[in-house]
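Number of protein chains: 2
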Amino acid sequence: MDVEIQMRPAGRARMPDPNDPGLLTPAQTSLLTDQYELAMASSYLRRRMNETVVFELFVRHLPPRRRWLLAAGLGPALAMVKAMQFGEDELAYARSLGFERGFLEYLARFRFSGDIDAMPEGTVMFAGEPLVRVTGGRVEAQLLETLLLNQVNFQTMVATKAARIALAAGGGQPAGDRLVDFSPRRDHGTDAAMKAARAAAIAGSAGTSNLAAAMRYGLNPVGTMAHSYVMSFEREEEAFKAFMEDFPGNAVMLVDTYDTVEGVRRAIAAARDTGVPLAGVRLDSGDLLDLSRKARALLDAAGMSDARIVASGDLEERQIARLTAAEAPIDSFGVGTDLGTSRDSPVVNGIYKLVAHHVGGEWRDVRKRSPEKTTVPGAKQVFRGYVGGEMRGDVIARLEEQLPGRPLLVPFVRNGVPVREETIQQMSQRARAELGALPSALRELDGEGEVYPVSYSELCRAGLQALDARVG
Amino acid sequence: MDVEIQMRPAGRARMPDPNDPGLLTPAQTSLLTDQYELAMASSYLRRRMNETVVFELFVRHLPPRRRWLLAAGLGPALAMVKAMQFGEDELAYARSLGFERGFLEYLARFRFSGDIDAMPEGTVMFAGEPLVRVTGGRVEAQLLETLLLNQVNFQTMVATKAARIALAAGGGQPAGDRLVDFSPRRDHGTDAAMKAARAAAIAGSAGTSNLAAAMRYGLNPVGTMAHSYVMSFEREEEAFKAFMEDFPGNAVMLVDTYDTVEGVRRAIAAARDTGVPLAGVRLDSGDLLDLSRKARALLDAAGMSDARIVASGDLEERQIARLTAAEAPIDSFGVGTDLGTSRDSPVVNGIYKLVAHHVGGEWRDVRKRSPEKTTVPGAKQVFRGYVGGEMRGDVIARLEEQLPGRPLLVPFVRNGVPVREETIQQMSQRARAELGALPSALRELDGEGEVYPVSYSELCRAGLQALDARVG
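Following this line, the structure appears as structure tokens:
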């Protein structure tokens with residue numbers, strides 16, 4: 043890159059380390075921002091353009107193979123917003139980039155002091171609908187952009203994937219309790235692993251293999267054994283007996299290291315030999331329908347009908363739906379890669395756009411008009427209509443409107459102070475209710491045709507035309 | 043999930059918080075591990091099975107649409123391994139899960155004390171080749187699994203994507219200096235954003251928009267302005283003049299908020315009015331080939347041939363290759379979503395497998411035999427052959443072998459002590475050399491047919507057969 047579009051550091055307070063672990067504290071997320079956010083904020087401050095503005099976070103289009111999204115990521119994002127500050131290292135670095143003294147002094151005192159309204163986590167959402175609305179000074183509202191998107195985009199993606207798995211495991215009704223998060227080894231780093239477990243829990247998952255996430259978020263820690271454990275013993279049955287003796291309350295045996303059906307027989311024999319009740323078997327490869335039936339038959343014949351069957355191994359929702367439709371006797375699904383990466387649709391393209399600002403003593407709508415990238419102007423609310431408990435359509439309206447239906451955005455922060463906090467149980471109950479209220483065609487994984495009706499209010503459309511007339 | 047496959051916390055030292063920011067310190071990565079890792083480790087310790095073992099990290103198959111991978115993520119992962127420890131909170135949590143006292147005491151003293159060999163970051167690698175080899179006590183080697191995979195998998199994925207972009211931007215020769223990382227808003231959380239910038243730098247990128255990553259890793263911070271900046275002024279030209287006045291050394295104008303060609307004219311006019319040299323324009327939407335030609339013509343006609351053209355807006359390598367082939371006058375490409383998520387191939391399925399252990403006074407090979415999931419036994423090295431500077435084939439050999447060619451795995455940690463550290467410049471120079479040495483067909487983005495030859499040494503194959511005979 044050339045010197046013209048850079049600001050070369052003139053000197054640094056903190057020496058860079060090519061092998062830094064790269065982990066930030068909540069306060070240090072202040073610099074987890076695009077360079078231009080600081081540049082623009084600095085310019086606004088210098089020009090006394092720190093009027094109150096409104097930004098909205100939304101997706102222009104639903105991702106491929108998704109007809110709705112499940113909102114997630116707000117809680118940790120707001121916790122970061124509350125904690126973020128520019129410490130000595132961050133200020134020294136900003137100074138080295140050439141930012142002027144007045145701006146550095148502003149950053150040194152920075153605490154977000156505006157308002158944030160949002161759809162609570164676990165809400166089903168659609169394209170065009172504001173998921174988060176930030177109202178505050180232009181400078182501080184600008185400074186939240188990168189961090190909010192960095193947190194909300196991928197967590198919404200994972201929660202949506204987890205919700206699809208929950209629907210697949212329940213044959214079209216949410217059955218998150220059959221899902222366990224096995225994703226840490228395929229998540230994108232430590233933060234992603236923490237949040238994937240949390241997003242899966244919002245979609246109703248029964249637990250996670252990730253101990254750090256289980257500890258911080260109060261989730262159920264879940265696990266069995268790896269193939270390397272079985273291979274660390276001379277014979278498979280020895281491994282099973284050892285694990286039963288060491289964890290008599292958690293005796294789930296991984297049975298596919300050598301031959302799955304033989305492995306089930308050995309697990310049964312080990313339980314008999316040790317007297318430890320066989321809690322279950324885990325199938326991690328092969329034809330899961332056939333193997334789960336054979337395993338179930340062997341376990342039942344051995345009088346071990348309480349023993350559960352856990353399936354894992356590159357599972358995704360379409361396979362889970364087929365297994366569920368075929369009534370495979372599988373009690374729960376451990377999902378890793380596909381849950382953490384949403385492999386079949388790996389991007390939620392949330393954006394954060396200025397929609398209104400208070401200039402010259404009045405609120406004015408703002409809107410982007412690049413080809414195919416228009417923004418609907420004005421601060422907005424979403425009203426959701428129901429008939430007989432089923433979602434029947436959303437209307438995106440201007441904030442000053444009161445329309446029939448349930449308003450989806452609610453206050454989370456006022457004057458920088460959190461005014462609403464939810465437990466993960468509340469979020470997952472909401473998600474369950476929302477998923478259950480989706481029209482049945484939208485609860486299918488790949489249904490074609492049926493599109494959920496989302497429209498703009500008359501006033502919203504009028505605002506769009508008025509602005510067209512003014513700018514055009 | 044049912045009680046049988048959980049260990050319910052009996053009590054917690056640290057109260058869970060549903061809205062915890064979820065950010066770990068390097069020490070706290072000790073619990074960024076699957077529950078079963080702790081269970082297995084505890085069992086090994088109790089059973090005095092803490093013999094020396096060898097684990098290898100590798101991919102069984104290349105991901106779809108990839109014919110090689112660029113190794114990345116080792117440095118930060120090893121920094122975490124060095125820092126990880128079980129603090130009071132972690133120990134209290136492990137105790138609450140029922141782990142026994144002897145194991146908790148082991149964890150309290152835990153520091154990794156084994157050996158790690160690996161391909162240095164920036165090495166081109168293929169399926170089946172060990173990327174990292176861990177040699178140590180069975181307990182401690184087991185405890186690294188989740189963290190190493192969590193770090194190395196996605197960073198290798200991003201570095202590979204960045205390398206493909208570099209090749210596309212150079213028409214088949216690596217030209218990473220035309221790539222800038224714009225991914226923080228689409229990366230999966232804070233850790234992913236830090237590492238995406240670093241992985242892109244290993245592939246040769248010219249910089250990143252991510253200030254936290256630029257600060258920690260010593261990368262070039264890069265940025266221009268957003269549409270919201272332009273829209274914060276009454277007229278586009280006012281916004282341009284303001285930015286030029288505030289950042290006279292970084293005057294790159296985003297010209298597509300209203301009409302791109304008109305935007306270029308206004309940028310030229312603003313530069314004339316302010317006397318600030320126009321550093322460049324950024325095109326973020328539309329037909330980039332057509333618009334870049336028009337922008338170049340306008341800039342040249344205005345005598346501003348030093349002004350650069352930066353392109354962005356959902357770019358990926360195939361589009362960049364087409365633009366490069368058409369000789370679009372674009373100087374650099376800001377890539378966000380596709381770089382950070384590797385959208386067309388969003389998973390690197392690295393695994394960590396036990397391949398040998400020292401039991402009964404001798405080294406024994408270990409191997410998994412599940413259907414389609416076999417592991418080649420024994421500690422291994424990879425030898426890469428060159429002819430005339432071009433890579434001609436790799437041989438995966440047993441560690442005790444010395445074959446012709448360059449051995450790819452080198453020592454990084456001995457007895458827990460780092461013995462090799464590299465700068466990002468060293469890594470990116472290696473990557474450039476490796477990418478340049480790939481057979482030309484493999485430097486094409488979508489070439490069919492040509493598969494890089496990777497074979498096993500005779501001794502490796504003999505080991506496989508010997509084990510088959512013993513186990514079968």
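Line by line, the protein sequences are chains S and H. This note's numbering applies: residue 43 is where the first sequence begins, and numbers increase by one. This note's numbering applies: residue 43 is where the second sequence begins, and numbers increase by one. We put the beta carbon where it would ideally sit given N, CA and C, even for glycine. Keep in mind that this is a model prediction, so the values were computed, not measured.
Residue-level contact to chain S via CB, residue i, 8 Å cutoff
i, result
"ASN192 (chain H)", "yes"
"GLN77 (chain H)", "yes"
"TYR494 (chain H)", "no"
"THR232 (chain H)", "yes"
"MET295 (chain H)", "no"
"MET346 (chain H)", "no"
"THR188 (chain H)", "yes"
"GLY117 (chain H)", "yes"
"VAL389 (chain H)", "yes"
"ARG89 (chain H)", "yes"
"THR198 (chain H)", "no"
"GLU46 (chain H)", "At GLU46 (chain H) the pLDDT is 37, less than 50, meaning the model places this residue with poor confidence and gives no usable figure here."
"LYS237 (chain H)", "yes"
C-beta neighbour in chain H for residue i, strict 8 Å
i, result
"PRO226 (chain S)", "yes"
"ILE207 (chain S)", "no"
"ASN457 (chain S)", "no"
"GLU290 (chain S)", "According to the sequence provided, residue 290 (chain S) is Pro. The question's Glu does not apply to it. Closer than 8 Å: no."
"ILE466 (chain S)", "yes"
"THR400 (chain S)", "Checking the sequence, you will find His at residue 400 (chain S) rather than Thr. Closer than 8 Å: no."
"GLY213 (chain S)", "no"
"ALA121 (chain S)", "yes"
"ALA337 (chain S)", "no"
"GLY260 (chain S)", "yes"
"VAL408 (chain S)", "yes"
"GLN507 (chain S)", "no"
"ASP229 (chain S)", "yes"
CB-CB length for residue i against residue j, believed under 8 Å
i, j, result
"VAL194 (chain H)", "VAL397 (chain H)", "Contact flag wrong, Cβ pair sits at about 17 Å."
"ILE393 (chain H)", "ILE244 (chain H)", "Actually they are not in contact, since the Cβ atoms of ILE393 (chain H) and ILE244 (chain H) sit about 22 Å apart, beyond 8 Å."
"LEU330 (chain S)", "ALA370 (chain S)", "6 Å"
"LEU190 (chain H)", "VAL200 (chain H)", "Not confirmed; about 16 Å, so no contact."
"SER499 (chain H)", "ARG440 (chain H)", "7 Å"
"ARG385 (chain S)", "LEU487 (chain S)", "With 8 Å as the limit, ARG385 (chain S) and LEU487 (chain S) do not qualify as a contact, their Cβ atoms being about 14 Å apart."
"ARG258 (chain H)", "GLY129 (chain S)", "Their Cβ separation, rounded to whole angstroms, is 13 Å, which puts ARG258 (chain H) and GLY129 (chain S) out of contact at 8 Å."
"ALA204 (chain H)", "ALA241 (chain H)", "6 Å"
"GLY164 (chain H)", "MET433 (chain H)", "No, GLY164 (chain H) and MET433 (chain H) are not in contact; Cβ-Cβ is about 14 Å, not under 8 Å."
"ASN61 (chain S)", "PRO118 (chain H)", "6 Å"
8 Å Cβ cutoff, residue i in contact with chain C
i, result
"ARG107 (chain S)", "No chain C is present in this structure, whose protein chains are S and H."
In chain order, what are the residue ranges of uninterrupted beta strand (DSSP E) at least 3 long that sit wholly in the region 201–270 of chain S? 221–223
What residues in the region 57–77 of chain S bring their beta carbon closer than 9 Å to a beta carbon of chain H? MET57, PRO58, ASP59, PRO60, ASN61, ASP62, PRO63, GLY64, LEU65, LEU66, THR67, PRO68, GLN70, THR71, SER72, LEU73, LEU74, THR75, ASP76, GLN77
Taking beta-carbon pairs under 7 Å, can you tell me which members of the region 152–177 of chain S lie near chain H? none
Scan the region 263–286 of chain H for residues whose Cβ lies nearer than 7 Å to a Cβ of chain S and list them as they occur along the chain. PRO263, VAL264, GLY265, THR266, MET267, ALA268, HIS269, SER270, TYR271, MET273, SER274, ALA284, PHE285
Which ranges would you report for the beta strand (DSSP E) in the region 273–334 of chain S if only whole runs of at least 3 residues count? 294–296, 322–325
Just list the alpha helix (DSSP H) runs in the region 103–127 of chain S, keeping only unbroken ones of 4 residues or longer that don't cross its boundaries, in chain order. 116–125
For the region 261–275 of chain H against the region 74–91 of chain S, do three or more pairs of beta-carbon atoms, one drawn from each stretch, fall closer than 8 Å, so that the two count as touching? yes
Closer than 8 Å between beta carbons: that is the criterion. Which residues of the region 432–463 of chain H meet it against chain S? GLU463
Return the chain-ordered ranges of every alpha helix (DSSP H) run that is complete within the region 152–187 of chain H and spans a minimum of 4 residues. 180–185
Which parts of the region 49–100 of chain S are runs of the alpha helix (DSSP H), unbroken and 4 residues or longer, counting only runs that do not cross its ends? 77–88
Three CB pairs or more closer than 8 Å across the region 227–235 of chain S and the region 228–235 of chain H: yes
Can you list, in chain order, the residues of the region 353–383 of chain S whose Cβ is nearer than 9 Å to any Cβ on chain H? GLY355, ASP356, ASP373, SER374, THR379, ASP380, GLY382, THR383
Could you say if the region 217–229 of chain S and the region 153–167 of chain S meet the contact criterion of at least three C-beta pairs nearer than 8 Å? no
Output the residue ranges of the beta strand (DSSP E) runs that lie fully inside the region 410–489 of chain S and measure 3 residues or longer, sorted by chain position. 422–429, 432–440, 452–456
Any C-beta of chain S within less than 9 Å: which residues of the region 244–258 of chain H qualify? SER247, ALA248, GLY249, THR250, SER251, ASN252, LEU253, ALA254, ALA255, ALA256, MET257, ARG258
Entirely enclosed alpha helix (DSSP H) segments - the region 329–405 of chain H, minimum 4 residues: 330–343, 359–367, 379–383
Would you check if there are 3 or more beta carbon pairs closer than 8 Å linking the region 299–311 of chain S to the region 336–355 of chain S? yes
The region 489–497 of chain S in contact with the region 424–441 of chain S per 3-pair CB rule at 8 Å: yes
Taking contact to mean at least 3 C-beta pairs separated by less than 8 Å, is the region 320–327 of chain H in contact with the region 290–302 of chain H? yes
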